[in-house]
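Everything below concerns the one structure shown next.
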Amino acid sequence: MTRRRRISFAVSAVEDLEAIRAWYAEQRVPEVGERLTGEVLAQIEQLADFPERGRVVPEFDLEHLREVIHPPFRIVYRLDSERVRVVRVWRSERLLELP
Numbered sequence: 002m003t004r005r006r007r008i009s010f011a012v013s014a015v016e017d018l019e020a021i022r023a024w025y026a027e028q029r030v031p032e033v034g035e036r037l038t039g040e041v042l043a044q045i046e047q048l049a050d051f052p053e054r055g056r057v058v059p060e061f062d063l064e065h066l067r068e069v070i071h072p073p074f075r076i077v078y079r080l081d082s083e084r085v086r087v088v089r090v091w092r093s094e095r096l097l098e099l100p
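If you want our numbering, it's the 1-based position in the sequence shown plus 1.
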């Protein structure tokens with residue numbers, strides 16, 4: 002049995018989640034932003050027990066860089082032996098680029 006991994010968030014991922022909530026609030030539907038961010042966080046929580054359920058990010062083809070698609074978002078995370086580090090939560094049509 003695989004052991005439970007810690008979940009951590011990069012600053013970029015926290016900013017992404019805040020921006021999602023803010024955008025929906027600006028559109029005068031804050032409840033949609035709250036619901037979507039809650040759904041995204043629920044998906045992330047599942048990664049503690051099932052860290053390899055996400056697919057390898059196709060733009061990079063690196064085993065440790067994975068994503069879960071939760072329409073309309075991509076939840077991108079780095080996987081190592083100890084933790085899952087969420088690095089981005091983006092609209093699913095956006096392509097990732099190396100910094």
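Ideal Cβ positions, reconstructed from N, Cα and C, are used throughout, including at glycine.
Three-way DSSP call (helix, strand, coil) for residue i in this model
| i | result |
| --- | --- |
| V41 | helix |
| S13 | helix |
| L66 | strand |
| R22 | helix |
| V88 | strand |
| R7 | strand |
When the options are compared against residue i, the one with the closest alpha-carbon
| i | options | result |
| --- | --- | --- |
| E46 | V30, F10 and S93 | F10 |
| D111 | E83, P59 and I76 | Nothing can be reported for residue 111, as the shown portion of the chain is limited to 2 through 100. |
| L80 | L63, P72, I70 and H71 | L63 |
| V15 | V33, Q28 and T38 | T38 |
| A20 | V58, G55 and G34 | G34 |
| P73 | S13, I8 and R36 | R36 |
| R67 | E60, F61 and Y78 | Y78 |
Rounded Cβ spacing between residue i and residue j (contact assumed at less than 8 Å)
| i | j | result |
| --- | --- | --- |
| A49 | V85 | 7 Å |
| V41 | V90 | 6 Å |
| R6 | P52 | 5 Å |
| Q44 | H65 | Between H65 and Q44 the Cβ distance is about 19 Å, and since that is not below 8 Å, they are no contact. |
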